[in-house]
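**Student:** Have a look at the structure that comes next, please.
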Amino acid sequence: MVKVARAFEFLNTFVCQNFNSMKKINSVILSVLIVLVFSGCGGNKADEKSFVVNGKFTNTKKDSVYLQELTTKKTIGIDSAVISEEGEFHFKVNPKEIGFYIVKLDKNNFITLLIDKGETVEVTADAKQLLRTYTVLGSKGSELIKELNTRLQTNYDKVDSLAAIYNESKGKPDILEIKASLDSTYKVIFLDEKSYLQNFIDKNTSSLACLIAIYQQFGREMMFNFNIKEDFAYFMKLDKALMAAYPDNQHALDLHERIAEIKRIDAEKDLAESKLAVGSKAPDFTLETPEGKEVSLSSFKGKNVLIDFWASWCAPCRAENPNMVKLYKKFKDKNFTILGVSLDQDKELWTKAIKLDKLIWTQVSDLKYWSSPIAKLYNVEAIPFSVLIDEDGKIVAKGLKGDSLATKVAEIVK
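Pasting the structure below:
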(Lines of atoms letter the chains of each structure in order from A and count residues from 1; the text may use other names and numbers.)
(Lines give C-alpha, C1' and ligand atoms only; values in the text may rest on other atoms or scores of the structure.)
Protein backbone atom coordinates (compact mmCIF):
# COMPACT_ATOMS: atom_id res chain seq x y z
CA MET A 1 0.00 0.00 0.00
CA VAL A 2 2.93 2.35 0.70
CA LYS A 3 4.28 1.76 -2.80
CA VAL A 4 0.84 2.47 -4.28
CA ALA A 5 0.61 5.68 -2.27
CA ARG A 6 3.96 6.87 -3.63
CA ALA A 7 3.03 5.92 -7.15
CA PHE A 8 -0.10 8.03 -7.08
CA GLU A 9 1.19 10.85 -4.87
CA PHE A 10 1.58 13.17 -7.86
CA LEU A 11 -2.15 12.79 -8.57
CA ASN A 12 -3.21 13.84 -5.10
CA THR A 13 -3.73 17.57 -5.68
CA PHE A 14 -5.14 16.98 -9.16
CA VAL A 15 -7.81 14.63 -7.86
CA CYS A 16 -8.72 16.98 -5.01
CA GLN A 17 -9.70 19.63 -7.54
CA ASN A 18 -10.58 17.65 -10.67
CA PHE A 19 -12.21 14.49 -9.35
CA ASN A 20 -14.74 14.25 -12.19
CA SER A 21 -12.01 13.95 -14.81
CA MET A 22 -10.82 10.65 -13.29
CA LYS A 23 -13.93 8.63 -14.16
CA LYS A 24 -12.07 6.52 -16.74
CA ILE A 25 -9.63 5.10 -14.20
CA ASN A 26 -10.51 1.51 -13.43
CA SER A 27 -12.49 0.89 -10.30
CA VAL A 28 -9.68 -0.84 -8.36
CA ILE A 29 -7.23 2.05 -8.78
CA LEU A 30 -10.04 4.56 -8.27
CA SER A 31 -10.85 3.00 -4.92
CA VAL A 32 -7.23 3.29 -3.87
CA LEU A 33 -7.11 6.92 -5.01
CA ILE A 34 -10.21 7.84 -3.07
CA VAL A 35 -8.59 6.53 0.11
CA LEU A 36 -5.36 8.38 -0.65
CA VAL A 37 -7.01 11.63 -1.62
CA PHE A 38 -9.18 11.91 1.41
CA SER A 39 -6.39 10.87 3.74
CA GLY A 40 -4.33 13.73 2.26
CA CYS A 41 -7.05 16.33 1.71
CA GLY A 42 -9.81 15.28 4.06
CA GLY A 43 -10.39 17.67 6.95
CA ASN A 44 -8.53 20.40 5.07
CA LYS A 45 -11.38 21.84 3.08
CA ALA A 46 -12.77 25.32 3.51
CA ASP A 47 -16.34 25.98 4.51
CA GLU A 48 -18.37 29.14 3.89
CA LYS A 49 -16.83 30.89 6.89
CA SER A 50 -13.20 29.86 6.43
CA PHE A 51 -10.36 29.44 4.01
CA VAL A 52 -7.75 26.70 4.02
CA VAL A 53 -4.17 26.71 2.78
CA ASN A 54 -2.78 23.24 2.02
CA GLY A 55 0.93 23.40 1.34
CA LYS A 56 3.52 20.93 0.10
CA PHE A 57 7.16 22.05 0.01
CA THR A 58 10.23 20.17 -1.15
CA ASN A 59 13.76 20.66 0.22
CA THR A 60 12.59 21.18 3.78
CA LYS A 61 13.38 19.43 7.05
CA LYS A 62 10.49 20.06 9.41
CA ASP A 63 10.93 23.82 9.04
CA SER A 64 8.46 26.23 10.60
CA VAL A 65 6.15 28.02 8.18
CA TYR A 66 4.22 31.15 9.05
CA LEU A 67 0.96 32.69 7.89
CA GLN A 68 0.63 36.47 8.19
CA GLU A 69 -2.05 38.92 7.11
CA LEU A 70 -1.15 42.13 5.29
CA THR A 71 -3.45 44.86 6.55
CA THR A 72 -3.35 48.43 5.31
CA LYS A 73 -1.29 49.45 8.34
CA LYS A 74 0.84 46.47 9.39
CA THR A 75 1.58 42.77 9.08
CA ILE A 76 -0.22 40.55 11.61
CA GLY A 77 0.85 37.02 12.56
CA ILE A 78 -2.07 34.62 12.09
CA ASP A 79 -0.70 31.10 12.54
CA SER A 80 2.36 28.90 12.24
CA ALA A 81 3.00 25.23 11.60
CA VAL A 82 5.85 22.74 11.43
CA ILE A 83 6.20 21.20 8.00
CA SER A 84 5.80 17.42 8.15
CA GLU A 85 8.35 14.88 6.98
CA GLU A 86 6.34 14.66 3.75
CA GLY A 87 6.70 18.43 3.29
CA GLU A 88 3.07 19.18 4.10
CA PHE A 89 1.40 21.85 6.23
CA HIS A 90 -2.10 23.25 6.62
CA PHE A 91 -3.69 26.48 7.79
CA LYS A 92 -7.38 27.11 8.43
CA VAL A 93 -8.57 30.67 9.07
CA ASN A 94 -11.95 32.33 9.62
CA PRO A 95 -11.34 35.78 8.04
CA LYS A 96 -13.58 38.81 8.29
CA GLU A 97 -13.15 39.53 4.59
CA ILE A 98 -11.06 38.77 1.54
CA GLY A 99 -7.49 39.82 2.16
CA PHE A 100 -3.78 39.52 1.45
CA TYR A 101 -1.73 36.87 3.24
CA ILE A 102 1.92 35.91 3.34
CA VAL A 103 3.15 32.35 3.60
CA LYS A 104 6.78 32.56 4.63
CA LEU A 105 9.73 30.60 5.89
CA ASP A 106 11.77 33.69 6.70
CA LYS A 107 11.75 37.43 5.92
CA ASN A 108 13.39 36.92 2.52
CA ASN A 109 11.59 33.75 1.48
CA PHE A 110 7.83 34.16 1.12
CA ILE A 111 4.87 34.30 -1.24
CA THR A 112 1.81 36.54 -1.23
CA LEU A 113 -1.72 35.21 -1.57
CA LEU A 114 -5.12 36.86 -1.96
CA ILE A 115 -7.69 34.63 -0.29
CA ASP A 116 -11.42 34.81 0.32
CA LYS A 117 -13.82 32.80 2.48
CA GLY A 118 -14.70 29.41 1.04
CA GLU A 119 -11.41 28.97 -0.82
CA THR A 120 -9.21 25.90 -0.42
CA VAL A 121 -5.80 26.97 -1.63
CA GLU A 122 -3.23 24.39 -2.75
CA VAL A 123 0.36 25.65 -2.71
CA THR A 124 3.49 23.79 -3.81
CA ALA A 125 7.05 25.10 -3.89
CA ASP A 126 10.73 24.45 -3.40
CA ALA A 127 11.40 25.69 0.13
CA LYS A 128 14.79 27.04 -0.94
CA GLN A 129 13.20 29.66 -3.23
CA LEU A 130 9.46 29.99 -2.77
CA LEU A 131 8.81 32.94 -5.06
CA ARG A 132 10.48 31.45 -8.13
CA THR A 133 9.07 27.95 -7.80
CA TYR A 134 5.62 28.12 -6.26
CA THR A 135 2.34 27.08 -7.87
CA VAL A 136 -1.07 27.94 -6.53
CA LEU A 137 -4.56 26.60 -7.24
CA GLY A 138 -7.99 27.13 -5.75
CA SER A 139 -7.84 30.92 -5.40
CA LYS A 140 -8.41 33.21 -8.37
CA GLY A 141 -6.89 36.20 -6.59
CA SER A 142 -3.76 34.25 -5.63
CA GLU A 143 -3.43 32.92 -9.18
CA LEU A 144 -3.52 36.50 -10.49
CA ILE A 145 -0.78 37.54 -8.06
CA LYS A 146 1.26 34.55 -9.24
CA GLU A 147 0.81 35.78 -12.82
CA LEU A 148 2.08 39.23 -11.81
CA ASN A 149 5.10 37.74 -10.02
CA THR A 150 6.02 35.54 -12.96
CA ARG A 151 5.92 38.40 -15.43
CA LEU A 152 7.86 40.73 -13.11
CA GLN A 153 10.55 38.10 -12.52
CA THR A 154 10.92 37.57 -16.27
CA ASN A 155 11.60 41.26 -16.82
CA TYR A 156 13.91 41.44 -13.80
CA ASP A 157 15.93 38.59 -15.31
CA LYS A 158 16.27 40.64 -18.50
CA VAL A 159 17.53 43.61 -16.48
CA ASP A 160 20.01 41.37 -14.67
CA SER A 161 21.40 40.30 -18.04
CA LEU A 162 21.87 43.97 -18.95
CA ALA A 163 23.75 44.56 -15.71
CA ALA A 164 26.00 41.59 -16.47
CA ILE A 165 26.81 43.01 -19.92
CA TYR A 166 27.63 46.40 -18.39
CA ASN A 167 29.93 44.88 -15.77
CA GLU A 168 31.74 42.86 -18.44
CA SER A 169 32.15 46.00 -20.57
CA LYS A 170 33.74 48.23 -17.93
CA GLY A 171 37.07 49.50 -19.13
CA LYS A 172 36.29 49.07 -22.80
CA PRO A 173 36.85 52.16 -24.99
CA ASP A 174 33.25 52.13 -26.21
CA ILE A 175 31.70 51.81 -22.74
CA LEU A 176 29.64 55.01 -23.19
CA GLU A 177 28.04 53.67 -26.37
CA ILE A 178 27.41 50.33 -24.69
CA LYS A 179 25.81 52.03 -21.68
CA ALA A 180 23.58 54.14 -23.95
CA SER A 181 22.41 51.00 -25.74
CA LEU A 182 21.77 49.21 -22.44
CA ASP A 183 19.84 52.20 -21.09
CA SER A 184 17.69 52.17 -24.22
CA THR A 185 17.00 48.46 -23.80
CA TYR A 186 16.16 48.98 -20.12
CA LYS A 187 13.59 51.59 -21.11
CA VAL A 188 11.99 49.11 -23.52
CA ILE A 189 11.78 46.51 -20.72
CA PHE A 190 10.31 49.06 -18.33
CA LEU A 191 7.65 50.15 -20.83
CA ASP A 192 6.87 46.52 -21.60
CA GLU A 193 6.22 45.86 -17.92
CA LYS A 194 4.06 48.94 -17.63
CA SER A 195 2.04 48.02 -20.72
CA TYR A 196 1.48 44.56 -19.28
CA LEU A 197 0.30 46.02 -15.96
CA GLN A 198 -2.10 48.39 -17.73
CA ASN A 199 -3.61 45.46 -19.64
CA PHE A 200 -3.73 43.41 -16.43
CA ILE A 201 -5.72 46.12 -14.65
CA ASP A 202 -8.00 46.57 -17.67
CA LYS A 203 -8.82 42.84 -17.66
CA ASN A 204 -9.12 42.33 -13.89
CA THR A 205 -10.34 45.70 -12.63
CA SER A 206 -12.68 44.23 -10.01
CA SER A 207 -9.95 42.12 -8.39
CA LEU A 208 -8.00 43.29 -5.36
CA ALA A 209 -4.98 41.72 -7.05
CA CYS A 210 -4.84 44.89 -9.14
CA LEU A 211 -3.64 46.71 -6.03
CA ILE A 212 -0.43 44.69 -6.27
CA ALA A 213 -0.16 45.76 -9.92
CA ILE A 214 -0.84 49.46 -9.43
CA TYR A 215 1.53 49.81 -6.45
CA GLN A 216 4.27 47.79 -8.14
CA GLN A 217 7.84 49.08 -8.30
CA PHE A 218 10.35 48.32 -11.01
CA GLY A 219 13.77 48.84 -9.54
CA ARG A 220 13.34 52.04 -7.54
CA GLU A 221 10.63 53.51 -9.74
CA MET A 222 6.89 53.25 -9.16
CA MET A 223 5.11 51.90 -12.22
CA PHE A 224 2.11 54.18 -11.63
CA ASN A 225 2.46 57.71 -10.29
CA PHE A 226 -0.41 59.61 -8.67
CA ASN A 227 0.99 62.85 -10.12
CA ILE A 228 0.90 61.69 -13.74
CA LYS A 229 -2.47 62.29 -15.37
CA GLU A 230 -2.48 59.08 -17.44
CA ASP A 231 -1.48 57.00 -14.41
CA PHE A 232 -4.00 58.66 -12.12
CA ALA A 233 -6.72 57.59 -14.55
CA TYR A 234 -5.86 53.97 -13.70
CA PHE A 235 -6.06 54.70 -9.97
CA MET A 236 -9.47 56.26 -10.54
CA LYS A 237 -10.67 53.34 -12.65
CA LEU A 238 -9.53 50.80 -10.08
CA ASP A 239 -11.02 52.78 -7.20
CA LYS A 240 -14.42 52.87 -8.87
CA ALA A 241 -14.42 49.14 -9.62
CA LEU A 242 -13.19 48.03 -6.18
CA MET A 243 -15.62 50.25 -4.30
CA ALA A 244 -18.44 48.68 -6.31
CA ALA A 245 -17.17 45.14 -5.66
CA TYR A 246 -15.86 45.55 -2.08
CA PRO A 247 -17.39 48.70 -0.54
CA ASP A 248 -16.42 47.70 3.02
CA ASN A 249 -13.04 46.06 2.37
CA GLN A 250 -10.09 47.70 4.14
CA HIS A 251 -7.86 47.56 1.07
CA ALA A 252 -10.48 49.03 -1.26
CA LEU A 253 -11.26 51.73 1.30
CA ASP A 254 -7.56 52.55 1.73
CA LEU A 255 -7.23 53.22 -2.01
CA HIS A 256 -10.48 55.20 -1.96
CA GLU A 257 -9.19 57.40 0.86
CA ARG A 258 -5.91 57.99 -0.96
CA ILE A 259 -7.77 59.04 -4.09
CA ALA A 260 -9.99 61.37 -2.07
CA GLU A 261 -6.95 62.96 -0.41
CA ILE A 262 -5.21 63.50 -3.75
CA LYS A 263 -8.35 65.09 -5.16
CA ARG A 264 -8.52 67.38 -2.12
CA ILE A 265 -4.87 68.39 -2.49
CA ASP A 266 -5.32 68.96 -6.23
CA ALA A 267 -8.36 71.13 -5.54
CA GLU A 268 -6.29 73.21 -3.10
CA LYS A 269 -3.52 73.51 -5.68
CA ASP A 270 -5.97 74.60 -8.35
CA LEU A 271 -7.41 77.20 -6.00
CA ALA A 272 -3.91 78.43 -5.10
CA GLU A 273 -2.91 78.48 -8.75
CA SER A 274 -5.97 80.55 -9.65
CA LYS A 275 -4.82 83.12 -7.11
CA LEU A 276 -1.31 83.05 -8.57
CA ALA A 277 -2.23 83.69 -12.18
CA VAL A 278 -0.18 86.26 -14.06
CA GLY A 279 -1.77 89.65 -13.39
CA SER A 280 -3.01 88.61 -9.93
CA LYS A 281 -1.98 90.34 -6.73
CA ALA A 282 0.88 88.42 -5.10
CA PRO A 283 -0.20 87.00 -1.69
CA ASP A 284 1.51 88.79 1.18
CA PHE A 285 3.51 86.95 3.85
CA THR A 286 5.89 87.67 6.71
CA LEU A 287 9.01 85.67 7.62
CA GLU A 288 12.15 86.20 9.65
CA THR A 289 15.69 86.96 8.48
CA PRO A 290 18.63 84.98 9.96
CA GLU A 291 18.96 87.80 12.51
CA GLY A 292 15.33 87.35 13.61
CA LYS A 293 13.92 90.48 11.96
CA GLU A 294 10.41 90.11 10.51
CA VAL A 295 10.11 91.05 6.84
CA SER A 296 6.89 91.21 4.82
CA LEU A 297 6.58 91.04 1.07
CA SER A 298 4.38 94.12 1.25
CA SER A 299 7.31 96.10 2.69
CA PHE A 300 8.80 96.10 -0.83
CA LYS A 301 5.78 97.94 -2.24
CA GLY A 302 6.71 100.10 -5.21
CA LYS A 303 9.63 97.88 -6.24
CA ASN A 304 9.99 95.12 -8.77
CA VAL A 305 10.62 92.03 -6.63
CA LEU A 306 11.82 88.55 -7.48
CA ILE A 307 10.78 85.99 -4.87
CA ASP A 308 13.44 83.27 -5.06
CA PHE A 309 12.47 79.95 -3.42
CA TRP A 310 15.64 77.95 -2.73
CA ALA A 311 17.50 75.95 -0.03
CA SER A 312 21.09 75.22 0.98
CA TRP A 313 20.54 71.47 0.39
CA CYS A 314 19.23 72.01 -3.16
CA ALA A 315 22.06 71.43 -5.69
CA PRO A 316 20.19 73.01 -8.64
CA CYS A 317 19.48 76.06 -6.47
CA ARG A 318 23.14 76.45 -5.55
CA ALA A 319 24.06 76.07 -9.22
CA GLU A 320 21.60 78.84 -10.13
CA ASN A 321 22.77 81.22 -7.38
CA PRO A 322 25.66 82.73 -9.43
CA ASN A 323 23.10 83.75 -12.06
CA MET A 324 20.97 85.31 -9.35
CA VAL A 325 23.97 87.27 -8.08
CA LYS A 326 24.64 88.63 -11.60
CA LEU A 327 20.96 89.49 -12.01
CA TYR A 328 20.86 91.38 -8.72
CA LYS A 329 24.01 93.36 -9.41
CA LYS A 330 22.82 94.29 -12.90
CA PHE A 331 19.38 95.58 -11.91
CA LYS A 332 19.59 96.51 -8.18
CA ASP A 333 19.85 100.20 -9.05
CA LYS A 334 16.80 100.09 -11.32
CA ASN A 335 14.11 99.66 -8.68
CA PHE A 336 14.65 95.90 -8.53
CA THR A 337 15.45 93.56 -5.66
CA ILE A 338 15.34 89.89 -4.71
CA LEU A 339 13.66 88.33 -1.69
CA GLY A 340 15.14 84.90 -0.97
CA VAL A 341 12.75 82.45 0.69
CA SER A 342 14.61 79.38 1.93
CA LEU A 343 13.05 75.94 2.48
CA ASP A 344 15.86 75.00 4.84
CA GLN A 345 15.34 73.42 8.23
CA ASP A 346 18.86 73.91 9.62
CA LYS A 347 19.63 77.57 10.32
CA GLU A 348 23.40 77.08 10.40
CA LEU A 349 23.48 75.42 6.97
CA TRP A 350 21.18 78.14 5.61
CA THR A 351 23.36 81.02 6.83
CA LYS A 352 26.56 79.31 5.64
CA ALA A 353 25.10 78.92 2.15
CA ILE A 354 24.08 82.59 2.09
CA LYS A 355 27.68 83.58 2.91
CA LEU A 356 29.35 81.10 0.55
CA ASP A 357 27.14 82.00 -2.42
CA LYS A 358 27.37 85.74 -1.63
CA LEU A 359 23.63 86.30 -1.56
CA ILE A 360 23.59 89.93 -0.48
CA TRP A 361 19.85 90.57 -0.78
CA THR A 362 17.20 89.98 1.89
CA GLN A 363 16.85 86.36 3.00
CA VAL A 364 13.97 84.92 5.05
CA SER A 365 12.76 81.50 6.18
CA ASP A 366 10.54 79.73 8.70
CA LEU A 367 12.90 76.71 8.62
CA LYS A 368 9.95 74.38 8.05
CA TYR A 369 11.33 72.67 4.95
CA TRP A 370 8.53 71.54 2.58
CA SER A 371 5.98 72.09 5.36
CA SER A 372 6.44 75.85 5.02
CA PRO A 373 3.02 77.54 4.68
CA ILE A 374 4.61 80.04 2.28
CA ALA A 375 5.69 77.26 -0.07
CA LYS A 376 2.11 76.01 -0.05
CA LEU A 377 0.77 79.55 -0.47
CA TYR A 378 2.80 79.90 -3.66
CA ASN A 379 2.21 76.32 -4.83
CA VAL A 380 5.92 75.52 -4.80
CA GLU A 381 6.48 71.88 -5.79
CA ALA A 382 10.13 72.03 -6.81
CA ILE A 383 13.03 74.42 -6.30
CA PRO A 384 14.58 76.65 -7.46
CA PHE A 385 11.32 78.44 -8.18
CA SER A 386 10.88 82.15 -8.89
CA VAL A 387 7.94 84.53 -8.83
CA LEU A 388 8.47 87.93 -10.43
CA ILE A 389 6.35 90.81 -9.14
CA ASP A 390 6.05 94.31 -10.59
CA GLU A 391 5.88 97.68 -8.83
CA ASP A 392 2.13 97.30 -8.29
CA GLY A 393 2.58 94.00 -6.49
CA LYS A 394 1.16 91.96 -9.37
CA ILE A 395 2.61 88.69 -10.61
CA VAL A 396 4.42 89.10 -13.92
CA ALA A 397 5.97 85.64 -14.38
CA LYS A 398 6.62 82.37 -12.54
CA GLY A 399 9.20 79.60 -12.80
CA LEU A 400 11.70 81.48 -14.95
CA LYS A 401 15.46 81.19 -14.53
CA GLY A 402 18.70 81.90 -16.37
CA ASP A 403 18.46 83.98 -19.54
CA SER A 404 14.64 83.84 -19.63
CA LEU A 405 14.45 85.38 -16.17
CA ALA A 406 17.04 88.07 -17.00
CA THR A 407 15.12 89.02 -20.14
CA LYS A 408 11.84 89.35 -18.25
CA VAL A 409 13.41 91.44 -15.49
CA ALA A 410 14.91 93.73 -18.13
CA GLU A 411 11.43 94.20 -19.61
CA ILE A 412 9.72 95.26 -16.40
CA VAL A 413 12.46 97.56 -15.05
CA LYS A 414 12.15 99.70 -18.20
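Numbering (the working numbering) for the sequence shown: 284 to 697.
Backbone N, C-alpha and C define an ideal beta-carbon position, used for all residues, glycine too.
Any contact between the region 585–596 and the region 660–672? By contact I mean 3 or more CB pairs, one from each, below 8 Å.
**Tutor:** Yes, the region 585–596 is in contact with the region 660–672.
**Student:** Quick check: the Cα distance between Val679 and Asp553, rounded to an integer number of angstroms?
**Tutor:** Going from the Cα of Val679 to the Cα of Asp553 covers about 19 Å.
**Student:** Taking 7 Å as the cut-off, is the C-beta of Ile497 nearer than that to any heavy atom in the ligand GTP?
**Tutor:** Looking at this structure, you won't find the ligand GTP or any other ligand, since it has none at all.
**Student:** Distance, Cα to Cα, Leu683 vs Ala555?
**Tutor:** Whole-angstrom Cα-Cα distance: 19 Å.
**Student:** In this structure, does DSSP put Ala527 in helix, strand or coil?
**Tutor:** Ala527 falls in the helix class under three-state DSSP.
**Student:** Are Leu397 and Ser422 closer than 8 Å when you measure CB to CB?
**Tutor:** The answer is yes: Cβ separation under 8 Å.
**Student:** What span of residues does the alpha helix (DSSP H) with Asn487 cover, start to end?
**Tutor:** Element bounds for Asn487: n/a, residue is neither H nor E.
**Student:** Could you say which of Ile484, Lys564, Ala636, Gln351 lies nearest to Lys598 if we only look at CA atoms?
**Tutor:** Inspection of the sequence shows that residue 598 is occupied by Ala rather than by Lys. Of the candidates Ile484, Lys564, Ala636, Gln351, the one whose C-alpha sits nearest the C-alpha of Ala598 is Ala636.
**Student:** Taking the alpha helix (DSSP H) that Phe583 falls in, what are its first and last residues?
**Tutor:** Segment: none, Phe583 is in no alpha helix (DSSP H) and carries neither H nor E.
**Student:** Between Leu536 and Phe518, what straight-line distance do the alpha-carbon atoms span, to the nearest angstrom?
**Tutor:** Roughly 13 Å separates the two Cα atoms.
**Student:** Alpha carbon to alpha carbon, how far is Lys612 from Ala689? Give it in angstroms, no decimals.
**Tutor:** Using only the alpha carbons, I get a separation of about 12 Å.
**Student:** Alpha carbons only, please: which of Met607, Thr634, Arg434 is nearest the one belonging to Gly575?
**Tutor:** The option with the nearest alpha carbon to Gly575 is Thr634.
**Student:** Excluding the 5 residues flanking Ile497 on each side, which residues of the same chain have their C-beta closer than 7 Å to its C-beta?
**Tutor:** Excluding residues within five positions, the ones whose Cβ falls inside 7 Å are Ile484, Phe507, Tyr517, Phe518, Leu521.
**Student:** Under 8 Å, do Leu580 and Tyr529 count as touching if we go by C-beta distance?
**Tutor:** For Leu580 and Tyr529, no; Cβs fall outside 8 Å.
**Student:** Bridge partners for Phe501 per DSSP, in chain order?
**Tutor:** According to DSSP, which records beta bridges pairwise, Phe501 is partnered with Glu504.
**Student:** Give, in chain order, every unbroken run of the alpha helix (DSSP H) that is at least 4 residues long and sits entirely within the region 363–387.
**Tutor:** Counting only runs of 4 or more, we get nothing.
**Student:** In the DSSP assignment, find the unbroken alpha helix (DSSP H) run with Phe716 in it and report its ends.
**Tutor:** Because the chain spans 284 through 697 in this model, residue 716 falls outside it and cannot be assessed.
**Student:** Quick one: what does DSSP say Lys691 is sitting in, helix, strand or coil?
**Tutor:** Looking at Lys691 - three-state DSSP - the assignment turns out to be helix.
**Student:** Quick one: any contact between the region 407–419 and the region 442–462, if contact means 3 or more CB pairs under 8 Å?
**Tutor:** Output reads no: the region 442–462 does not touch the region 407–419.
**Student:** Pick helix, strand or coil for Glu426, following the three-state DSSP scheme.
**Tutor:** The answer is helix: DSSP assigns Glu426 an H, G or I state.
**Student:** Please state whether DSSP places Phe473 in a helix, a strand or coil.
**Tutor:** Residue state, collapsed to three classes: helix.
**Student:** Would you be able to state if there are at least three C-beta pairs under 8 Å between the region 339–353 and the region 362–380?
**Tutor:** Counting Cβ pairs under 8 Å, three or more are found: they touch.
**Student:** DSSP state of Lys512, grouped into three classes?
**Tutor:** DSSP places Lys512 in helix when its eight states are reduced to three.
**Student:** Out of Phe393, Ala446, Gln351, point me to the one whose CA is closest to Lys466's CA.
**Tutor:** The sequence shown places Asp at residue 466, rather than the Lys named in the question. The shortest C-alpha separation from Asp466 is found at Ala446.
**Student:** Apart from the five residues just before and just after Asn487, which ones in its own chain have a Cβ nearer than 7 Å to its Cβ?
**Tutor:** Hits under 7 Å: Leu427, Cys493.
**Student:** If you run the structure through DSSP and keep just helix, strand and coil, what is Ile621?
**Tutor:** Residue state, collapsed to three classes: strand.
**Student:** Output the distance between the C-alpha atoms of Ile542 and Asn532, rounded to the nearest integer angstrom.
**Tutor:** When rounded, the distance between both Cα atoms is 15 Å.
**Student:** Where do the N-terminal and C-terminal ends of the alpha helix (DSSP H) with Ile657 fall, by residue?
**Tutor:** Counting along the chain, the alpha helix (DSSP H) containing Ile657 begins and ends at 656–660.
**Student:** For the putative contact between Phe592 and Ile666, defined by C-beta atoms under 8 Å, what is the C-beta separation to the nearest angstrom?
**Tutor:** Yes, Phe592 and Ile666 are in contact; Cβ-Cβ is about 5 Å, under 8 Å.
**Student:** For a test of the three-state rule: what should DSSP assign to Tyr417, helix, strand or coil?
**Tutor:** Three-state result, Tyr417: coil.
**Student:** From the DSSP output, read off the bridge partner residues of Ala408.
**Tutor:** Beta-bridge pairing links Ala408 to Phe340.
**Student:** Taking the alpha carbon of Asp330 as the reference point, which residue from Ile359, Asp399, Lys357 has its own alpha carbon closest?
**Tutor:** Ranking the options by Cα distance to Asp330, first place goes to Asp399.
**Student:** Taking Lys615 as the reference, which of Phe668, Val692, Ser557, Asn377 has the closest Cα?
**Tutor:** Comparing Cα positions, the closest option is Val692.
**Student:** Since Glu402 is in the alpha helix (DSSP H), which residue starts that stretch and which ends it?
**Tutor:** Counting along the chain, Glu402 falls outside any alpha helix (DSSP H), and DSSP gives it neither H nor E.
**Student:** Might you give, ordered along the chain, the residues of its own chain that have their beta carbon closer than 8 Å to the beta carbon of Met505, omitting 5 neighbours on each side?
**Tutor:** Excluding positions up to five away in sequence, the list reads Tyr498, Gln499.
**Student:** Within the same chain, show all residues whose beta-carbon is closer than 8 Å to that of Thr572, passing over the 5 residues directly before and after it, in chain order.
**Tutor:** Within the same chain, Thr572 has close Cβ partners Val578, Thr645, Gln646, Val647.
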